[in-house]
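Per my numbering, residue 63 is the first one in the sequence shown, and the count goes up by one each step. Yeah, the Cβ is synthetic: ideal placement off N, Cα and C, and Gly gets one too. Source: prediction; values computed, not measured.
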Amino acid sequence: MFCRVAVNYPVRDGGLTYRLPLGVVPVVGQLVDVPLRKRAELGLVLEVSEAAPPDSGEIVFKEILGLRDDYPVLSEQELRLYKWMSDYYHYSLGQLVVDCLPASKKRPRALEMAQATGVEPAPTPTAAQAMVIETVRGTLGHFSRHLIHGVTGSGKTLVFLEVIRSVLATGKSALYLLPEINLTPQFVETFSRHLGFPVYSFHSEITASQKYLIWKEASQNRAPRLFIGVRSAVFLPVVDLGVVVVDEEHDGSFKQDDRCAYNARDVGIKKAQLADCPVILASATPSLETWQNFQAPGAVTYYHPLRERVTNASLPQVSFIDTKLPKTARREAHDPWPLHPDTVSKISEGLAKGEQVLVFINRLGFANYVQCRACGHQFHCKNCSVTMRYFKQKHLLSCQHCEYHEPMPSGCPKCGNLTLLQKGFGTERVQQEVSALFPQARVERFDRDEIKTFAALQDKLQRFHAGEIDVLVGTQMLSKGHNFERVKKVIILGVDSQLNMPDFRANERIWQTIVQVAGRAGRYSHDGEVLVQTATPDAPLFELIRENSFDGFYRSEARMRELCECPPFYRIAAIYFSHRDQATLTKKMDDEVSPALHGLRSKHFSNVLVLGPRPALIEKRANQYSWTVLLKSKSVNELHNFIDSFLLNWPVKSGVSLKVDVDPQHIS
């Protein structure tokens, strides 16, 4: 007998055929060890047959090495999901499955989980929430797509809770996806307290043993449970899946950049379709693509707007502070840069009232880069074509794209000048300035440089909730889903740098950042305030934010995207080519890749626009040079057929690494 196996190898094909040893008969979906060249590799059985493939002639097939009983057999649903991903994202099926599996453990430690602490009564839903809950309940047992577009503080979590409660009561399980690990503690606690069913948490900070046991538990135990996790949790093989929830669906953290460039939101939708259950997408700032997809109601498509906050709280007042004020208008004794004097006054006002303050700046470190005052020399990473950031506490210059770092020099290595200017600012600089201005306040940071473990993250959040921190300076980790009762004032810095990004999604990201961060203010009051520092306070985008426009941004941005032939009106894909030698890569692009791509378009795919190839925006990263090709088409089928045709003729042994990114969130 023979079996066809998708092997952990970066080639997209129909799998390799192996001979089965006498008496060994695997089933489709089973994991096996197979010989590949001179090594053993893990593979997935796709087909078992009694005859060798036709036209195999005198080929001598290798035998599989053995069956893997340490992994559950993948169900038909899971196989279909992986096959769909392999086709859609143009990635090796065998490699994809192995990438997604947890590490095998022969003697795993006992599973931990959040036990139900009792079924506390949840708040009574408002009329608007109840309408959404009943609509979703009416679709249980069948595939349907729901978008809950609700302002921050509109009570989306209560909707999830009641829907999940209904699903668990039917004996099925639920999958709840979050974009960030720092959100899991509060949601695990909330659901454990109100549901009365086991809750499993799946993310990068749990041990390998826990991941392995949760994976087996999901695939073998039919008891109703809730699985909460970040991006990778979408691959949990949950039996009897009753609903998939994707919270903060717009968030870029759902998109994986390395290996298979999948989006967990889209994989979650496909997973729900295969399980024949509803999928709920939710956000205060949905992506434009998602918003547009839900504007045309269909048989299985439901749009749920929630325009008001619950608990009688009002949306915060958003003000834009013009940072172009002349120097003479600033404080003479001490210039509080990067904080504006009006910002300092608002922080002082909040602290005097016993309130907590959030300060958001989406950059780490003390300075963005360091420059010699005499000759202008800047300090670049040795592995990447970028300048390094300065971290004052560590006294280091560090690259944000690789692990390279070096001590902060005392002088310029080019001219010997001792005056080195620290340009720009990040969370560390802002924390120092706030601490200097308010020495009695307890000021701390909330970023990945400060918080390196899950335990440290939980401790920081608990201390802030307990009122042990007065001012929290943080990055985007602060912007998503947190419910801070004593925060009434939020300060947002550094948005101007995003306005100038060469990215068609720049306006959308600024909109989402400001609205999401602003949503942390005044969730229990009528006097929440948000101050945004900017040199362009009159930008049309900011006027929509001032007005707390619910969908004005989407209507305005959609018109612009259509004119620019960008998503959601065109589908896009990026192909990245990498090599350690810049000259070799450039020659390959000019002599082989460019003629092949443009020739393919002119002969067979006139409806696909090919932009490039060109050097990546950051051409050198971790000693690898990269070039980019962007593909655009109104037809998603033509786009995929174009990619398939190109890959079919791309030489595997070209020496150039290639990665396909379908629906890219960032184009480098």
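Report all residues from its chain with a CB closer than 8 Å to the CB of residue i; omit the five preceding and five following residues, and keep chain order.
{"i": "A395", "result": "Residue confidence for A395 is low, a pLDDT of 49 falling below 50, so the modelled location carries little weight; the figure read from the coordinates is stated next. Closer than 8 Å at the Cβ level, and outside the excluded window around A395, lies no residue."}
{"i": "D404", "result": "I383 and L593"}
{"i": "S587", "result": "A375, S376 and K550"}
Let's see if you can read the secondary structure: which residues bound the beta strand (DSSP E) around residue i?
{"i": "S410", "result": "Here S410 belongs to no beta strand (DSSP E); instead the alpha helix (DSSP H) covers P403 to A414."}
{"i": "G156", "result": "Unbroken run through G156 is the alpha helix (DSSP H), L155 to C162; no beta strand (DSSP E)."}
{"i": "V329", "result": "No beta strand (DSSP E) contains V329, which is instead part of the alpha helix (DSSP H) from A326 to A337."}
{"i": "E681", "result": "L671 to R683"}
{"i": "V229", "result": "Not the beta strand (DSSP E): V229 falls in the alpha helix (DSSP H), residues K218 to A231."}
{"i": "E310", "result": "From DSSP, E310 is part of no beta strand (DSSP E); its letter is neither H nor E."}
Which residues does DSSP list as the beta-bridge partners of residue i?
{"i": "E109", "result": "R66"}
{"i": "P97", "result": "A102"}
{"i": "Y364", "result": "H208"}
{"i": "T690", "result": "Y638 and R676"}
{"i": "Y150", "result": "Beta-bridge pairing links Y150 to no other residue."}
{"i": "E125", "result": "R81"}
{"i": "E468", "result": "L459"}
{"i": "T449", "result": "H442"}
{"i": "S695", "result": "R633"}
{"i": "K715", "result": "None, per the DSSP bridge assignment."}
{"i": "V181", "result": "Partner(s): none; V181 has no beta bridge."}
Given residue i, which residues of its chain have a CB within under 6 Å of its CB, disregarding the five upstream and five downstream residues?
{"i": "G590", "result": "P378, K550, A583 and G584"}
{"i": "P629", "result": "E351"}
{"i": "F704", "result": "F667 and V670"}
{"i": "I531", "result": "R504, E506 and R525"}
{"i": "H152", "result": "I705 and V722"}
{"i": "V181", "result": "G258"}
{"i": "C461", "result": "C443, C446 and M450"}
{"i": "V419", "result": "I409, G412, V533 and K551"}
{"i": "F615", "result": "W573 and L606"}
Which residues in the same chain as residue i place their Cβ atom closer than 7 Å to its Cβ, once the five residues preceding and following it in sequence are excluded?
{"i": "P170", "result": "S271, Y274 and L275"}
{"i": "E624", "result": "F631"}
{"i": "P185", "result": "L220"}
{"i": "W712", "result": "L720"}
{"i": "P348", "result": "L209, H211, E311 and H312"}
Consult DSSP for residue i and reduce its assignment to one of helix, strand or coil.
{"i": "A643", "result": "Residue 643 is actually Asp in this sequence, not Ala. Coil, per DSSP."}
{"i": "A344", "result": "strand"}
{"i": "F289", "result": "strand"}
{"i": "S266", "result": "coil"}
{"i": "T596", "result": "strand"}
{"i": "R623", "result": "helix"}
{"i": "Y71", "result": "coil"}
{"i": "D723", "result": "strand"}
{"i": "T28", "result": "Nothing about residue 28 can be read from this structure; the chain reaches only from 63 to 730."}
{"i": "L298", "result": "coil"}
{"i": "F256", "result": "For clarity, residue 256 is His in the given sequence; the question names Phe instead. DSSP places H256 in helix when its eight states are reduced to three."}
{"i": "G536", "result": "strand"}
{"i": "F708", "result": "helix"}
{"i": "D511", "result": "coil"}
{"i": "K485", "result": "strand"}
{"i": "I195", "result": "helix"}
{"i": "Y238", "result": "strand"}
{"i": "Q578", "result": "helix"}
{"i": "V89", "result": "coil"}
{"i": "E605", "result": "helix"}
Using 10 angstroms around the beta-carbon of residue i, count the other beta-carbons present and answer buried if the total reaches 16, otherwise exposed.
{"i": "V557", "result": "buried"}
{"i": "T734", "result": "The displayed coordinates of the chain run from 63 to 730. Any statement about residue 734 would go beyond what the structure contains."}
{"i": "E103", "result": "buried"}
{"i": "M622", "result": "exposed"}
{"i": "I680", "result": "exposed"}
{"i": "A280", "result": "buried"}
{"i": "N374", "result": "exposed"}
{"i": "T689", "result": "The displayed chain sequence assigns Trp, not Thr, to residue 689. Looking at its Cβ environment, which holds 16 or more other Cβ atoms inside 10 Å, W689 is buried."}
{"i": "L237", "result": "buried"}
{"i": "K444", "result": "exposed"}
{"i": "G717", "result": "exposed"}
{"i": "Q335", "result": "buried"}
{"i": "W399", "result": "exposed"}
{"i": "R284", "result": "exposed"}
Please list the terminal residues of the continuous alpha helix (DSSP H) segment that includes residue i.
{"i": "A429", "result": "Segment: none, A429 is in no alpha helix (DSSP H) and carries neither H nor E."}
{"i": "L245", "result": "No alpha helix (DSSP H) contains L245, which DSSP labels as neither H nor E."}
{"i": "V492", "result": "T489 to L499"}
{"i": "R507", "result": "Where R507 is concerned, there is no enclosing alpha helix (DSSP H), although the beta strand (DSSP E) it sits in stretches over V505 to F508."}
{"i": "K522", "result": "F516 to H527"}
{"i": "L659", "result": "S656 to H666"}
Determine, using beta carbons only, whether residue i comes closer than 8 Å to chain C.
{"i": "F631", "result": "Included in the structure is just one protein chain, with no chain C present."}
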